[in-house]
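Residue numbering for the sequence shown follows my numbering, starting at 1480 and increasing by one per position. Backbone N, C-alpha and C fix where the C-beta goes; we use that ideal spot for every residue, glycine too. Everything on this sheet refers to the single structure shown next.
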Amino acid sequence: MLIRPTIVAFDTGTLKKVSDDYWSQDDFRRTKSRKFIEQTCFNGIHIAFTFTHVLELLAHKDNSKVRDRIKFLRGLPLIAWLRPYDRNGSPGSLADVLRRELHAVIHEAKSDWKAIVEQVRADIWETGVGSEIFIDDEAHWQVLGAVAQDHNLRRQYIASVVRTDPGGISDLKIGDAKRLQMRPKEERTAFLRQFVQIMVAQLKQHGDQRLDNPDAIAADFATGIQKELENLESTNIDSIQQMFECWDLPQELVTDNMTIGEFSELVAYKHRLVVVSRQLHPPAKVSIREFPPNTLPAEFLQRKLAEIQRKAARVSGSDLGDTHIAPLVLHADGVEVDKRTHEYLIQMKRAHPALGSLMGRFFRSTDYATIPDVLSKDDP
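Below you can see the structure in the form of structure tokens.
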């Protein structure tokens, strides 16, 4: 009789601590780390990895630290990794989860979240030992390490910019926006100057504290808006109404009571749907009308988590990583998250019972040594 492995995705911060302790000169820390690995192995826990985990573990400027982490991960006796949709062997990402869920809907005729999750979970994990993924190839990890550092900076930028609303329009209803007039060209320079000042202040107050040069970021963002307006005008779009129409969204999904922020999320979802569907096999054409925003459970969870995150007084680039790891609660036996994400997931579970009923165990910890005992007990 085959025994299904226990798949647990640990917080990247925990894996970093375990690795640091593993190579520590301090006997207590070294023993603590090795005992943790022994206990997880004894309990049959496979430490789960996604491409997001890998990038976060490699995003360190000290190459020796990165080498130690890879060497530590290579020696893990039981691991699991998210199987990519194209089965290329490397750890997959949230995009692969969404692609598998969409595949289940289109090609397996799964129409409800429970059926989708059951279908995807059955074939989403690959198991093995650390050396199968964390190969002994320093050149490979150096290249990927550079990618990871760039990725980290990009996450800080995205999380910070998304948190801003310098135009004060996020909560504006579409019906009210349609009645507005396009701003005259002669007023735009002064408006954009004020826009930049407000955005800089919001980036400093709410953005990632590690964000570099918010003044330049705000100026570049305003320049991009100006160019976008010029492009729209070159296509003879001269009203707010026409701006909404150019996104080509189904009229039944866009109402006058919808806010600009909600409309932006709808546009973003349409883009994600197109991206996810590109590599489906067999190929399939998708539309937002046929697959509305509540179609894929992992996408729904990611989007709702991001909505809560954006209301925080201060955001972090790591928030984006959380939105890529947290959806694993639908497809893994356990997911470790930080204190803030833990509270957010509790809120989501209460607010969306249909989703909450499919969510597996999620937990937080202050000391990784206690995790094996926590996982050995029934989920409260």
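- For I1526, the enclosing beta strand (DSSP E) begins and ends at 1524-1528.
- No Cβ-Cβ contact shorter than 9 angstroms links Q1684 with S1795.
- DSSP, reduced to helix, strand and coil, places R1508 within a helical segment of the structure shown.
- Comparing alpha carbon positions, the residue from Q1788, L1728, A1594, D1846 closest to E1580 is A1594.
- Distance between D1852 and C1725, taken at the CA atoms: about 55 angstroms.
- In terms of Cα proximity to T1734, the closest of L1837, A1656, N1522, H1821 is A1656.
- Bridge partners of L1561 according to DSSP: W1604.
- Note: R1840 is bridge-paired with G1813 in the DSSP secondary-structure output.
- Of the candidates T1849, I1804, R1819, the residue whose Cα lies closest to the Cα of M1838 is I1804.
- For I1585, the enclosing alpha helix (DSSP H) covers residues 1573-1586.
- Contact annotation, I1612 with I1558: C-beta distance approximately 7 angstroms; criterion of less than 8 angstroms satisfied.
- For A1625, the enclosing alpha helix (DSSP H) starts and ends at 1617-1641.
- In the structure shown, the three-state DSSP call for I1648 is coil.
- With contacts defined by Cβ atoms closer than 9 angstroms, E1709 and E1744 do not form a contacting pair.
- In its chain, beyond the 5 residues on either side, S1649, D1650 have a beta carbon closer than 7 angstroms to the beta carbon of G1740.
- Put simply, the stretch 1503-1523 does not touch the stretch 1817-1833. Fewer than three CB pairs are less than 8 angstroms apart.
- Note that the stretch 1763-1771 does not touch the stretch 1488-1505; fewer than 3 beta-carbon pairs, one per stretch, sit closer than 8 angstroms.
- Contact between the stretch 1597-1610 and the stretch 1511-1518 is absent: fewer than three C-beta pairs spanning the two stretches fall below 8 angstroms.
- Here F1528 is buried: its Cβ has 16 or more other Cβ atoms, across all protein chains shown, within 10 Å.
- In the three-state scheme derived from DSSP, where H, G and I count as helix and E and B as strand, I1486 is classed as strand.
- Residue state for T1702 is assigned as helix, using DSSP reduced to three classes.
- In the structure shown, T1845 falls within a coil segment according to DSSP collapsed to helix, strand and coil.
- The secondary-structure analysis by DSSP pairs T1714 with nothing; it has no beta-bridge partner.
- Secondary structure note for S1498: its alpha helix (DSSP H) is the uninterrupted segment 1491-1501.
- When the beta-carbon positions are compared, G1607 and L1552 stay at least 9 angstroms from each other.
- Boundaries of the alpha helix (DSSP H) around A1656: 1653-1657.
- Contact annotation, L1573 with Q1781: C-beta distance approximately 7 angstroms; criterion of less than 8 angstroms satisfied.
- For I1739, the uninterrupted alpha helix (DSSP H) run begins and ends at 1739-1756, by DSSP.
- Membership of N1542 in the alpha helix (DSSP H) is indicated by the continuous run 1542-1553.
- Per DSSP, the continuous alpha helix (DSSP H) segment holding M1827 begins and ends at 1818-1830.
- Out of Q1721, H1619, I1696, the CA that lies nearest to the CA of I1677 is found in I1696.
- In this structure, DSSP gives C1725 a state outside helix and strand, which the three-state scheme calls coil.
- Put simply, of Y1847, T1845, T1774, K1783 the residue whose alpha carbon is nearest the alpha carbon of L1577 is T1774.
- C-alpha of H1760 to C-alpha of K1589: approximately 16 angstroms in a straight line.
- Inside the stretch 1770-1808, DSSP marks whole alpha helix (DSSP H) runs of 4 or more residues at positions 1776-1788, 1797-1804, from first to last along the chain.
- The alpha-carbon of S1855 is positioned some 32 angstroms away from that of R1546.
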